[in-house]
Amino acid sequence: MTSLSRIVFSVPQRHSGRLSNCCKLTKWKLSLWVSATGAAGFFMNSPVLSPEVFCCSGGIFLCSSAAHVFNQIIERKTDALMVRTRNRPLASGRVTPYQAAGFGTLCVLSGSTLLSLTSGATAAPLALLNIGLYTCGYTV
Numbered sequence: 677m678t679s680l681s682r683i684v685f686s687v688p689q690r691h692s693g694r695l696s697n698c699c700k701l702t703k704w705k706l707s708l709w710v711s712a713t714g715a716a717g718f719f720m721n722s723p724v725l726s727p728e729v730f731c732c733s734g735g736i737f738l739c740s741s742a743a744h745v746f747n748q749i750i751e752r753k754t755d756a757l758m759v760r761t762r763n764r765p766l767a768s769g770r771v772t773p774y775q776a777a778g779f780g781t782l783c784v785l786s787g788s789t790l791l792s793l794t795s796g797a798t799a800a801p802l803a804l805l806n807i808g809l810y811t812c813g814y815t816v
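The sequence shown finishes on residue 816 if you use my numbering, and the numbering steps up by one all the way, no holes.
Have a look at this one:
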């Protein structure tokens with residue numbers, strides 16, 4: 677007779693849990709305010725409500741979200757030690773760094789593509805520069 681090792685089964689996460697974790701990774705409330713400032717700047721140039729303002733705001737939202745995701749990847753060990761931040765998806769282990777990096781990359785690619793297609797030639801490079809500055813300058 678052989679002894680069996682203890683087998684641990686992982687229960688797949690519900691879709692609502694994944695969505696909640698993604699929202700928490702993006703710090704969506706802060707990203708929404710960042711995109712609102714982009715919309716305000718857009719209206720200063722053209723006070724007409726057009727599809728471009730939504731595309732511009734969406735691209736800014738996605739790029740801001742990506743910066744927050746990358747920030748949390750870098751700070752996950754420190755976040756796990758602090759009471760205020762230990763329940764964040766990465767710090768608590770609900771999301772792996774690889775999953776977060778994939779999600780952040782998806783946000784960067786979709787946000788910068790949206791900006792480059794709808795908001796002029798300089799919008800996407802500026803957004804990428806801001807992601808780099810926030811991630812490397814502020815976080816590190």
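For glycine and all other residues, C-beta sits at the position ideal for the given N, C-alpha and C.
Asked, Found
"Straight-line gap, L738 to A715 (C-alpha atoms, nearest Å)", "14 Å"
"Spatial distance of G735 from K753 (CA atoms)", "29 Å"
"Test item: CB-CB of L766 and A777 under 7 Å", "no"
"Counted within 10 angstroms of its Cβ, other Cβ atoms place G787 as buried (16 or more) or exposed", "buried"
"Helix, strand or coil at M758 according to DSSP, with G and I counted as helix", "coil"
"Spatially closest choice to P773 from R760, E751, N763, by CA coordinates", "E751"
"Bounding residues of the alpha helix (DSSP H) (the contiguous stretch that carries L708)", "704-721"
"Boundaries of the alpha helix (DSSP H) in which T781 is found, first to last residue", "773-794"
"Beta-carbon proximity check, G780 vs V729, cutoff 7 Å", "no"
"Helix, strand or coil at V816 [DSSP, three-state]", "coil"
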